[in-house]
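S.K.:
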RNA sequence: GCUGCUGUAGCUCAGGGGUAGAGCGCACCCUUGGUAAGGGUGAGGUCGAGAGUUCAAUUCUCUCCAGCAGCACCA
């Protein structure tokens, strides 16, 4: 057997190296520049330490900072380890658990020593300082394979209960590795890592915040302190990231909602929105648009009760599986006697609806349905209440009173896939109308807590999978992914996700195929054979809820809503008070043409008015002075336009604005 | 719900054991100005709520409430 190994490089060349050689040796043989730049190695497609010897002949690609995705992943993982080492150096007795890289940085979950409070923001500067020390010490990171028993023993001896538990539970066939940092600290880790801590840039990371996180993501377990950081290849990248965060903060719908006077929230109605006139105008336009879209798609709109008796919710199954999230109301006249309880202990219960589905089944059940009547497409702008945990509430994106663009499609088995596919097309059309060029579709599979047989779930999951495939959307372009355990208790879900200003994704659209509820509420139709059959019920929403969707729209457009959605579409601003009468005329004519217009006749300079309305994100500013009043023109200034103004006859301006203010579905097809 | 941070004028924020400040906004006055802040005067605050320590608390301590970030949960 030859002692020389054949290492093929990306350029096709092959180098021979001694057994025991490492990718670092190859890099050094190629040139000192590469030796310095090489961070890790891709050996037969697997990213490995640059100091780890080859196992045999291999294909090798060296990873440098030019392979940005891989390089970032490596440094972030290393920052996480340095973070853990720093925390233990500062506070001996701290337990360490788990610390991966993330989208833009890293975190490490730790448990403060017994008797010490969880780490807080005040501790971060000291940790950062210690991390810099460790980086500057340029400690070699050395990989070793350990026997499981030895590893568990070590963790137990050091009081690392979490690590010990984890080491014991790693799969039998997995090789357990540790990484030494210098000679005095080690962590159990699969790797890979850089050759030494000194490869990190001490100025390219920043600890961002601390938060609680449950051990293994389970609320029943101990809560650890998660220390988050952002980490980059160099300081320039770090600063660019911090700048991006700042910019994203400016798009926050809560901030814009206040600045633009769209809505507010207050403690007396936690999680429920006070829509101001301007914010509600967006809602009205959105609702009108959705009505046109669902009319066109063949839905019939209904309206169903807010309050229903607990018995109804018991029958639908919500009482058993969803009660924690429901607002329950006693069905009793409240006592006005100061000495008596407001309601008796055994009052009958009602509940505000958390979903519209049971009520829609009740409508479906009125009268007898023939197989010819199916599919029945029922829609409701359904206002629902869900008793969400306080910590979950988030502006418009997570509320307790929400209005869904809900709908239920009752189908025969043979119609199911086709209807799901049609729905995929509807969502695509709607999202594109709002300029969402990319979104993600995910399939949430059966959860642990569920109704129905495994066969039904197999079938339901397959149907959704197939429908998306038929629509051509089960691809990477659509972020296609399956999420085990994430489905609703009654059905698997297809989910459509959009992204907010700082990159968090939110579910908006969904469709779920459900055989449970029609069964529980005994919905049926008469088939061709004259027998009773169960319809399948598709629960679906396109924009999800008006609250969330408007929140996402505000962030998506950074407040600069397209003309058709803008609450104030135009402002007529005067330069001199002599033009006041003319400005009123202009505004009146625009109003007659259906444009939402305001006048600004204040005793202020035009500069001031331009600035103010620009900041208020009014799409069009119509400036009128003496000249325009005499000539019957206006000077139009568009928000965000480079050209300053365009003087045009009033008629022309009105016709133009009227055309531009049409919703996407009302525009002539080009 | 859990962990951490925060709560001072309509908004953004400074301050600090002895009853409170700025800028913007608002009101009034002067100014009629041609495309991103003209000038002046003035009004406006139980310093999130409650309790404790103190001669004295907006400031220190505790409890609660709310907001923010994350976790868990979810549209």
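Residue numbers (the UniProt record's numbering): 1 to 670. Even for Gly, the Cβ is constructed at its ideal location relative to N, Cα and C.
Contact defined as beta carbons within less than 8 Å: I believe residue 537 pairs with residue 408. What is the distance between those atoms, to the nearest angstrom?
M.R.: Numbered from its first residue, the first chain carries residue 537 at position 537. Numbered from its first residue, the first chain carries residue 408 at position 408. Right, the Cβ-Cβ distance comes to about 6 Å (below 8 Å), so this counts as a contact.
S.K.: For the putative contact between residue 619 and residue 566, defined by C-beta atoms under 8 Å, what is the C-beta separation to the nearest angstrom?
M.R.: Here residue 619 refers to the residue found at position 619 when the first chain is read from its first residue. Here residue 566 refers to the residue found at position 566 when the first chain is read from its first residue. Going by Cβ atoms, the distance from residue 619 to residue 566 rounds to 5 Å, so yes, they are a contact pair.
S.K.: Suppose contacts are defined by Cβ-Cβ distances below 8 Å. Is residue 511 in contact with residue 533 by that definition?
M.R.: As a working mapping, residue 511 is identified with position 511 in the first chain. As a working mapping, residue 533 is identified with position 533 in the first chain. No, the pair does not count as a contact, with Cβ atoms beyond the cut-off.
S.K.: Run through the DSSP bridge pairs and tell me what residue 383 is partnered with.
M.R.: As a first step, residue 383 is located in the first chain; it is residue number 383 there, counting from the start. The bridge partners DSSP lists for residue 383 are 403.
S.K.: Which residue wins for smallest C-alpha separation from residue 111, given the options 489, 225 and 610?
M.R.: Position 111 of the first chain holds residue 111. The candidate whose alpha carbon is nearest that of residue 111 is 225.
S.K.: DSSP three-state label for residue 520, please.
M.R.: Counting from 1 along the first chain, the entry for residue 520 is found at position 520. Residue 520: helix per DSSP, three-state reduction.
S.K.: What is the residue span of the alpha helix (DSSP H) that residue 656 lies within?
M.R.: Here the question's residue 656 lines up with position 656 in the first chain. Segment 650 to 660, the alpha helix (DSSP H) holding residue 656.
S.K.: Just to confirm, are residue 353 and residue 306 a CB contact at a threshold of 8 Å?
M.R.: Working through the first chain from its first residue, we reach residue 353 at position 353. Working through the first chain from its first residue, we reach residue 306 at position 306. Their beta carbons are under 8 Å apart, which means residue 353 touches residue 306 by this criterion.
S.K.: Name the DSSP bridge partner or partners of residue 225?
M.R.: What you label residue 225 is simply residue 225 of the first chain in a count that begins at 1. According to DSSP, residue 225 bridges with 110 and 212.
S.K.: Only counting the same chain, and skipping five residues up and downstream in sequence, which positions put a Cβ closer than 7 Å to that of residue 487?
M.R.: Counting from 1 along the first chain, the entry for residue 487 is found at position 487. 444, 445, 446, 447 and 493.
S.K.: From residue 581 to residue 556, what distance separates their C-alpha atoms?
M.R.: Along the first chain, read from residue 1 onward, the residue named residue 581 stands at position 581. Along the first chain, read from residue 1 onward, the residue named residue 556 stands at position 556. Roughly 38 Å separates the two Cα atoms.
S.K.: Would you mind listing the alpha helix (DSSP H) stretches within the segment 233 to 263 that are 4+ residues and don't spill past its ends, in chain order?
M.R.: 235 to 251 and 253 to 259
S.K.: Which residues bound the beta strand (DSSP E) around residue 95?
M.R.: For the purposes of this step, residue 95 is taken as the residue at position 95 of the first chain. Run containing residue 95: 95 to 98, per the beta strand (DSSP E) assignment.
S.K.: Under DSSP, the beta strand (DSSP E) around residue 633 begins and ends at which residues?
M.R.: Within the first chain, residue 633 is the residue found at index 633, counting from 1. Note, residue 633: beta strand (DSSP E), 633 to 638.
S.K.: Please name the residue or residues paired with residue 441 in a DSSP beta bridge.
M.R.: Here residue 441 refers to the residue found at position 441 when the first chain is read from its first residue. For residue 441, which the question treats as bridged, DSSP gives the partners 496.
S.K.: Compute the distance between the beta-carbons of residue 231 and residue 257, then report whether it is under 8 Å.
M.R.: Walking along the first chain from the start, residue 231 turns up at place 231. Walking along the first chain from the start, residue 257 turns up at place 257. No.
S.K.: Relative to the ligand GDP, is the shortest distance from any of its heavy atoms to the C-beta of residue 637 smaller than 7 Å?
M.R.: The model depicted lacks the ligand GDP and carries no ligand whatsoever.
S.K.: Check whether the segment 368 to 384 touches the segment 322 to 340, counting contact only when three or more Cβ pairs, one atom from each stretch, lie closer than 8 Å.
M.R.: Because the criterion of three Cβ pairs below 8 Å is not met, the segment 368 to 384 and the segment 322 to 340 do not touch.
S.K.: Where does residue 327 fall in DSSP's three states?
M.R.: Within the first chain, numbered from 1, the residue matching residue 327 stands at position 327. Of the three classes helix, strand and coil, the one that applies to residue 327 here is coil, per DSSP.
S.K.: Please specify which runs of the alpha helix (DSSP H), each continuous and at least 4 residues long, are wholly inside the segment 158 to 215, giving them in chain order.
M.R.: Entirely contained in the segment 158 to 215, the alpha helix (DSSP H) runs reaching 4 residues are, in chain order, 161 to 169.
S.K.: If you draw a straight line from the alpha carbon of residue 217 to that of residue 208, how long is it in whole angstroms?
M.R.: Start at 1 with the first residue of the first chain, and residue 217 comes out as number 217. Start at 1 with the first residue of the first chain, and residue 208 comes out as number 208. Roughly 21 Å separates the two Cα atoms.
S.K.: Please return the same chain residues whose Cβ sits closer than 8 Å to the Cβ of residue 595, not counting the five positions on each side in sequence.
M.R.: Counting from 1 along the first chain, the entry for residue 595 is found at position 595. So the list reads 569, 570, 654, 657, 658 and 661, once near-sequence residues are dropped.
S.K.: Rank 93, 175 and 143 by C-alpha distance to the C-alpha of residue 155 and give the top, closest one.
M.R.: One-based indexing of the first chain puts residue 155 at position 155. Of the listed residues, the one whose Cα sits closest to residue 155 is 93.
S.K.: So for residue 394, helix, strand or coil by DSSP?
M.R.: Locating residue 394 in the first chain gives position 394, counting from the first residue. Here residue 394 sits in strand by DSSP.
S.K.: Going along the chain, which residues of its own chain have a beta-carbon closer than 7 Å to the beta-carbon of residue 98, five neighbours each way excluded?
M.R.: The residue labelled residue 98 in the question sits at position 98 within the first chain. If we look at residue 98 and ignore the five residues flanking it on each side, its Cβ neighbours are 109.
S.K.: Could you check the C-alpha separation between residue 528 and residue 418 for me, to the nearest Å?
M.R.: Counting from 1 along the first chain, the entry for residue 528 is found at position 528. Counting from 1 along the first chain, the entry for residue 418 is found at position 418. For residue 528 and residue 418, the distance between alpha carbons rounds to 20 Å.
S.K.: Do the CB positions of residue 495 and residue 507 come within less than 8 Å of each other?
M.R.: As a working mapping, residue 495 is identified with position 495 in the first chain. As a working mapping, residue 507 is identified with position 507 in the first chain. The answer is yes: Cβ separation under 8 Å.
S.K.: If you count every other CB in all the chains shown that lies within 10 Å of the CB of residue 159, and 16 or more means buried, which is it?
M.R.: In the first chain, counting from the first residue as 1, residue 159 sits at position 159. Classification of residue 159: exposed, given that the 10 Å Cβ count is below 16.
S.K.: Do residue 573 and residue 609 come within 8 Å of each other at the CB atom, strictly closer than that value?
M.R.: Taking the first chain and counting its residues from 1, the one referred to as residue 609 is at position 609. Taking the first chain and counting its residues from 1, the one referred to as residue 573 is at position 573. In contact: residue 609 and residue 573 (Cβ atoms closer than 8 Å).
S.K.: Label residue 513 either buried or exposed according to how many other C-beta atoms from any shown protein chain fall within 10 Å of its C-beta, with 16 as the threshold for buried.
M.R.: Here residue 513 is taken as the residue at index 513 of the first chain, counted from 1. Buried is the call here.
S.K.: Work out the CA separation of residue 241 and residue 504 for me, nearest whole Å.
M.R.: Counting from one through the first chain, the residue named residue 504 turns up at place 504. Counting from one through the first chain, the residue named residue 241 turns up at place 241. When rounded, the distance between both Cα atoms is 15 Å.
S.K.: For the alpha helix (DSSP H) containing residue 290, name the first residue and the last one.
M.R.: Position 290 of the first chain, counted from the first residue, corresponds to residue 290. 277 to 296 is the extent of the alpha helix (DSSP H) around residue 290.
S.K.: May I ask you to list the residues that DSSP assigns as paired with residue 600?
M.R.: Locating residue 600 in the first chain gives position 600, counting from the first residue. Within the DSSP secondary-structure output, residue 600 pairs in a beta bridge with 573.
S.K.: Closest to residue 387 by C-alpha separation, out of 141, 270 and 79, would be which residue?
M.R.: For the purposes of this step, residue 387 is taken as the residue at position 387 of the first chain. Comparing Cα positions, the closest option is 270.
S.K.: From 13, 364, 294 and 17, pick the residue whose C-alpha is nearest to that of residue 410; which is it?
M.R.: By 1-based counting over the first chain, the position of residue 410 is 410. Ranking the options by Cα distance to residue 410, first place goes to 364.
S.K.: So what does residue 309 bridge to, in DSSP terms?
M.R.: For the purposes of this step, residue 309 is identified with residue 309 of the first chain, where counting begins at 1. Here residue 309 is bridged, per DSSP, to 350.
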